[in-house]
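Trainee: Letter by letter, the sequence shown follows residues 1 to 512 in the numbering used here.
Idealized CB from N, CA, C, for every residue including glycine.
Since we're looking at a predicted model, the values are computed, not measured.
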Amino acid sequence: MSDQLIIFDTTLRDGEQSPGASMTKDEKVRIAKALERMNVDIIEAGFPIASPGDFEAVQAVAEAVKDSTVCGLARALAKDISQAGEALRHANSGRIHTFIATSPIHMKMKLRMEPDAVLEQAVGAVKMARKFTDNVEFSPEDAGRSELDFLCRVIEAVIDAGARTINIPDTVGYNLPNQFGSLIKNLIERIPNSDKAIFSVHCHNDLGLAVANSLAAVQNGARQVECTVNGLGERAGNAALEEVVMAVRTRQDLFDCDSRIDTPHILAASRLVSSITGFPVQPNKAIVGANAFAHESGIHQDGVLKNRETYEIMRAQDVGWGENRIVLGKHSGRNALRSRLQDLGIELSSEEELNEAFLRFKELADKKHEIFDEDLQALVAEATTSTENECYKLLSMKVCSETGEVPEATVTVSIDGEEKTATAQGGGPVDAAYKAIEDLVNSETELLLYSVNNITSGTDSQGEVTVRLSKNGRIVNGLGADTDIVMASAKAYINALNKVMDGIEDRAHPQL
Ligand code: KIV
Ligand code: ZN
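#1: Is Glu16 near the ligand KIV, in the sense that its beta carbon is under 6 Å from a heavy atom of that ligand?
#2: Out of Asp41, Asn213, Asn355 and Glu36, which one is the CA nearest neighbour of Gln4?
#3: Given 6 Å as the limit, tell me if His202 has its C-beta closer than that to any heavy atom belonging to the ligand KIV.
#4: With a threshold of 6 Å on Cβ separation, who are the neighbours of Lys398 within its own chain once the five nearest residues in sequence on each side are excluded?
#5: Which parts of the region 323-374 are runs of the beta strand (DSSP E), unbroken and 3 residues or longer, counting only runs that do not cross its ends?
#6: Does His331 pass the burial test, meaning 16 or more other C-beta atoms within 10 Å, or should it be called exposed?
#7: In whole angstroms, give me the CA-to-CA distance for Arg13 and Cys71.
#8: For the putative contact between Ile43 and Val61, defined by C-beta atoms under 8 Å, what is the C-beta separation to the nearest angstrom?
#9: For Leu508, is the classification buried or exposed, using 16 other Cβ atoms within 10 angstroms of its Cβ as the cut-off for buried?
#10: Can you give me the Cβ contacts of Val380 inside the same chain, cut-off strictly under 6 Å, excluding the 5 residues immediately before and after it?
#11: Taking the Cβ atom as the reference point for each residue, do Leu344 and Asp373 lie within a distance shorter than 7 Å?
#12: Would you mind sorting Phe279 into buried or exposed? The rule is 16 or more other CB atoms within 10 Å of its CB.
#13: What are the residues that DSSP puts in a beta bridge with Pro283?
#14: What span of residues does the alpha helix (DSSP H) with Cys203 cover, start to end?
#15: Does the distance from the C-beta atom of Val500 to that of Gly480 stay below 7 Å?
#16: Could you check the C-alpha separation between Val201 and Arg308 for me, to the nearest Å?
#17: Let me confirm a value: Thr11 is counted as buried when at least 16 other C-beta atoms fall within 10 Å, else exposed. Which label applies?
#18: Starting from the C-beta of Asp67, find all residues in its chain whose C-beta is less than 7 Å away, skip the five residues before and the five after it, and write them out in chain order.
#19: Under the criterion of a Cβ to heavy atom distance below 6 Å, does Ser396 qualify as lining the ligand KIV?
#20: Determine which residues share a DSSP beta bridge with Met397 and list them.
#21: Using a 10 Å radius around the Cβ and a threshold of 16 neighbouring Cβ atoms, would you call Arg75 buried or exposed?
#22: Quickly, what does DSSP pair Leu479 with across the bridge? List them, please.
#23: Are the C-beta atoms of Ala292 and some chain B residue less than 7 Å apart?
#24: Is the number of C-beta pairs between the region 136-146 and the region 155-169 that are closer than 8 Å three or more?
#25: Would you be able to state if there are at least three C-beta pairs under 8 Å between the region 101-114 and the region 47-63?
#26: Three Cβ pairs or more, each shorter than 8 Å: is that satisfied between the region 247-257 and the region 265-283?
#27: Tell me whether Thr466, by its Cβ, gets closer than 6 Å to a heavy atom of the ligand KIV.
#28: Measure the beta-carbon distance from Glu243 to Val218 and round it to whole angstroms, keeping in mind my assumption that it falls under 8 Å.
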């Protein structure tokens with residue numbers, strides 16, 4: 001059995017299925033480049049049949065990425081498979097991932113198909129995918145609730161048909177670690193041609209067990225784990241890449257394989273995904289949370305100072321945590337900014353993006369004396385998260401908040417090039433600003449989430465605001481950062497409104 005654990009990242013596909021996490025083509029390419037830099041083996045770039053935009057995004061990732069395999073998802077349907085094959089045509093290395101549900105409940109209620117017909121369709125799909133590429137992965141969806149005998153029959157047949165990776169999804173996150181580990185062991189032992197394929201797992205986190213289940217599977221013979229940065233994904237998410245990778249790396253005494261992941265790039269990838277999707281990382285999140293390597297209690301600090309290993313099982317710098325360094329200041333130039341961004345693994349796709357980032361950097365340096373790496377990351381995220389044809393632009397804002405007085409905001413917004421101003425009162429300055437913006441745009445959106453995080457420590461830190469809006473069933477996240485949190489809030493709101501307005505494209509969901 002191979003001693004390489006293949007890391008298959010599905011942030012751009014399953015991760016994007018989280019409500020509000022949809023990404024533009026350029027954002028997907030930026031994340032894909034960060035994954036490639038981290039040595040991710042396979043990047044699932046999307047579901048090409050979902051919409052023309054999804055097709056183009058998979059195509060763009062396939063063209064931009066050279067060192068990782070790029071994968072496209074396809075239901076076991078001819079149109080899906082040919083669309084995936086076409087999107088991956090120019091990939092250096094491409095994979096088609098096709099799937100069909102095999103659990104009794106999915107076959108009966110969702111597919112309305114008899115098991116034999118499901119098996120036949122699975123085999124047909126794999127054979128068709130093989131016409132496009134030798135690199136075909138097959139998933140029996142909801143394998144975690146499928147009957148073992150039927151699962152074995154399907155898997156044996158698709159391996160015969162040419163599937164070289166068999167992915168076992170715990171689609172609804174139902175399994176427990178010992179149960180899931182045994183399932184993988186049983187499949188490998190019982191299926192006569194199992195040695196012709198690599199067994200993979202894809203665990204959802206509905207019971208908080210996605211990482212534990214993935215690790216149990218690896219200990220029982222799985223050699224590919226499907227995961228996402230920050231554990232993003234449908235519902236409670238997928239197994240977190242950073243946790244799987246670091247568990248296997250840290251506990252080499254218990255695993256007979258390891259991944260090729262270049263772990264110091266983990267933190268930058270986590271921040272990039274968080275800022276692009278607008279999903280903040282909780283402070284106590286393993287590996288990438290702000291507190292993951294912070295030793296608050298005096299007793300712990302004492303222990304760590306005497307001997308690091310008393311309370312630390314990993315080195316912070318091995319996953320990308322460094323000193324909170326002051327990198328640039330008011331007098332730093334464009335080249336200094338470019339070079340620091342390169343050190344942080346941030347590639348800007350054009351000179352215009354650099355100019356935009358530099359402009360924002362200068363504005364920030366006027367307000368904030370010390371500029372940290374985190375500030376640069378937020379600044380670039382903001383500069384590049386703006387949608388292509390922005391309908392709304394925040395031009396200016398004045399906010400009055402005084403003891404005993406009702407807070408009031410006057411906001412000027414450019415709407416399709418026309419300048420408009422409104423004043424409104426609210427429960428607080430943010431509420432007043434949002435009401436004034438609403439008076440101007442009349443968006444008819446519902447605010448689902450508003451959250452503020454400080455990017456670095458200190459009262460002059462930038463606040464990063466995430467806003468989630470819903471309109472006609474479509475959910476978007478907006479992001480804004482500023483040293484003034486009311487301004488950051490207004491920027492985030494405008495960013496979300498632009499996303500709502502930006503070409504609402506009908507997209508098919510792969511599993512519904
Ligand atoms: O969770 C799941 O079953 C999936 C499949 C498409 C692999 O995402
Ligand atoms: Zn999934």
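Mentor: Reading off the structure:
#1: no
#2: Asp41
#3: yes
#4: Thr410
#5: 326-328
#6: exposed
#7: 10 Å
#8: 7 Å
#9: Note on residue identity: the sequence assigns Ala, not Leu, to residue 508. Its Cβ having fewer than 16 others within 10 Å, Ala508 is exposed.
#10: Ile346 and Ala357
#11: yes
#12: buried
#13: According to DSSP, which records beta bridges pairwise, Pro283 is partnered with nothing at all.
#14: It is not in any alpha helix (DSSP H) - Cys203 instead sits in the beta strand (DSSP E) that spans Ile198 to Cys203.
#15: no
#16: 34 Å
#17: buried
#18: Glu36
#19: no
#20: Val411
#21: buried
#22: Thr466
#23: In the structure shown, chain B does not exist; there is a single protein chain.
#24: yes
#25: no
#26: no
#27: no
#28: No, Glu243 and Val218 are not in contact; Cβ-Cβ is about 13 Å, not under 8 Å.
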